[in-house]
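See structure below.
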Amino acid sequence: MQSTDNHTFFAPVTYILADPMTYVLTGIPGTEESHVWISIPFCLMYIATLFGNSLLLFIILTEQSLHEPMYLFVSMLAAADLLLSTTTVPKMLAVFWFRAGEISFAACLTQMFFIHVSFLAESAILLAMAFDRYVAICNPLRYTIILTNSVIGKMGLAVVTRSFCFIFPLIFLVKQLKFCRTNRLPHNYCDYVDIARLACDDITVSIWYGVATAILVIGLDAMLIAVSYGLILRAVFQLPTKEARLKALHTCGSHVCVILMFYTPAFFSSFALRFGHIIPGYILNLLANLYVLIPPMLNPIVYGVTTKEILKRTIIKSFAKVKIYHI
1 MQSTDNHTFF APVTYILADP MTYVLTGIPG TEESHVWISI PFCLMYIATL
51 FGNSLLLFII LTEQSLHEPM YLFVSMLAAA DLLLSTTTVP KMLAVFWFRA
101 GEISFAACLT QMFFIHVSFL AESAILLAMA FDRYVAICNP LRYTIILTNS
151 VIGKMGLAVV TRSFCFIFPL IFLVKQLKFC RTNRLPHNYC DYVDIARLAC
201 DDITVSIWYG VATAILVIGL DAMLIAVSYG LILRAVFQLP TKEARLKALH
251 TCGSHVCVIL MFYTPAFFSS FALRFGHIIP GYILNLLANL YVLIPPMLNP
301 IVYGVTTKEI LKRTIIKSFA KVKIYHI
């Protein structure tokens with residue numbers, strides 16, 4: 001601006017993008033030279049996830065004898081795992097292999113929506129599975145009466161509805177933000193907190209809503225699961241024989257493993273973010289990537305190996321395919 005006394009003044013300029021068109025995913029900052037090598041285990045884990053969960057779904061849906069509550073919940077978990085990994089991993093690999101980190105604002109919000117919906121859905125499914133094990137062990141005579149196909153269908157609908165209702169406001173809150181900082185996201189996928197931090201608005205409401213959702217939903221689910229297993233253990237130790245107790249505990253073994261694989265990284269990630277100033281950023285980023293890869297890959301392995309019926313059906317189908325091939 002030119003003044004009347006021939007002195008020039010420059011006013012600071014803030015560039016505000018009310019609706020940013022494109023974000024750039026940078027991968028894992030600090031490891032750019034190793035992106036190709038990092039992508040190899042990521043790709044192998046994704047292939048294993050696709051194969052394992054697809055096979056699990058196929059076996060459960062095609063075998064009439066597996067149309068029981070426990071296996072129907074396992075199929076829901078497999079579907080959620082496929083949604084979570086397919087929403088994130090292909091873009092990760094594109095960033096690693098081709099440096100194709102560009103993603104539109106709409107696509108970024110869509111990816112963020114499905115990531116968080118899948119996360120909440122898995123938590124709710126694990127809670128439903130804990131209830132299934134509670135009824136099977138503590139009230140076995142009424143198991144088929146309580147957990148009918150109609151009830152399971154309604155529980156599945158409730159899982160989807162609850163996840164949508166909690167996550168949709170996050171999308172609304174992000175769309176209301178004004179963006180005036182860089183459009184580069186130091187990540188492999190669009191995360192709610194990372195996007196919100198790029199805004200020049202006050203994001204207190206957005207952050208507190210995300211924190212409240214995590215505490216209220218995930219924390220409540222974890223607490224109810226713990227209560228369910230407390231009641232299960234009490235019932236198990238009241239059984240008359242050691243064999244009966246071991247059999248009852250065995251039916252819960254795979255579910256407990258899956259619970260630990262899901263909630264342990266979640267709580268560790270929250271702890272790491274709280275003390276992120278003492279943990280290198282690339283480690284936090286790598287852990288966040290592994291979290292969307294490892295549980296979806298291991299869940300079908302855990303259920304396939306520890307569940308006798310699924311393992312038996314898998315072996316039968318494998319032998320049948322081999323026989324047909326040789327014929």
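Under the UniProt record's numbering, think of the first position of the sequence shown as 1, with each following residue one higher.
We put the CB at the ideal spot given by N, CA and C, even for glycine.
Keep in mind the model is a prediction, meaning the values are calculated, not measured.
Task: Own chain, CB closer than 6 Å to Tyr23, minus 5 neighbours either side, in chain order - done: Taken in chain order, the residues that qualify are Ile103, Cys108, Asn183 and Leu185.
Task: Contact check, Ile146 vs Ala235, beta carbons under 8 Å - done: Contact flag unset, no.
TODO: Indicate the three-state DSSP secondary structure (helix, strand or coil) for Asn6 in the structure shown.
DONE: Any reading at Asn6 must be qualified, since the residue scores a pLDDT of 45, below 50, and its modelled position is unreliable; the value itself is stated next. Three-state result, Asn6: coil.
- [ ] Give the range of the alpha helix (DSSP H) segment to which Tyr71 is assigned.
- [x] Per DSSP, Tyr71 is one residue of the alpha helix (DSSP H) stretching across Pro69 to Phe98.
- [ ] Would you kindly report the start and end of the unbroken beta strand (DSSP E) that includes Glu102?
- [x] Per DSSP, Glu102 is one residue of the beta strand (DSSP E) stretching across Glu102 to Ser104.
Open item on the list: Alpha carbons only, please: which of Gln238, Ile259, Leu293 and Phe58 is nearest the one belonging to Ile115?
Closed with: The shortest C-alpha separation from Ile115 is found at Leu293.
Task: According to DSSP, residues forming a beta bridge with Tyr263 - done: Beta-bridge pairing links Tyr263 to no other residue.
Open item on the list: Less than 8 Å between C-beta atoms, sequence neighbours within five positions excluded: which residues of the same chain meet that for Arg245?
Closed with: For Arg245, where only same-chain residues beyond five positions count, the Cβ hits under 8 Å are Val236, Phe237 and Leu239.
Open item on the list: Which same chain residues end up closer than 6 Å to Cys200 when comparing Cβ atoms and leaving out the 5 residues on each side of it in sequence?
Closed with: Lys178 and Cys180.
- [ ] Can you tell me which of the three DSSP states Tyr192 falls into?
- [x] The answer is helix: DSSP assigns Tyr192 an H, G or I state.
Open item on the list: Comparing C-alpha positions only, which one of Glu32, Leu56 and Glu33 sits nearest to Leu298?
Closed with: Nearest of Glu32, Leu56 and Glu33 to Leu298, Cα basis: Leu56.
Task: Proximity winner among Leu224, Ile218, Leu173 and Leu220, relative to Asp202 (alpha-carbon distances) - done: Closest by alpha carbon: Leu173.
Task: Thr22 - containing beta strand (DSSP E), residue span - done: For Thr22, the enclosing beta strand (DSSP E) stretches over residues Thr22 to Leu25.
TODO: Tell whether a beta-carbon distance below 8 Å holds between Ile28 and Leu287.
DONE: Taking 8 Å as the cut-off, the Cβ atoms of Ile28 and Leu287 do not count as close.
Task: Cβ contact check for the region 112–132 and the region 81–96: 3 or more pairs under 8 Å - done: They touch, by the three-pair rule.
TODO: Measure the C-alpha to C-alpha separation of Phe131 and Leu61 and round it to an integer number of angstroms.
DONE: Distance between Phe131 and Leu61, taken at the CA atoms: about 22 Å.
TODO: Would you kindly check if the distance between the Cβ of Val74 and the Cβ of Tyr303 is under 8 Å?
DONE: Result yes, Cβ atoms of Tyr303 and Val74 sit closer than 8 Å.
- [ ] Using three-state DSSP, classify Leu170 as helix, strand or coil.
- [x] The answer is helix: DSSP assigns Leu170 an H, G or I state.
Open item on the list: Out of Lys308, Leu290 and Leu224, which one is the CA nearest neighbour of Ile38?
Closed with: Nearest of Lys308, Leu290 and Leu224 to Ile38, Cα basis: Leu290.
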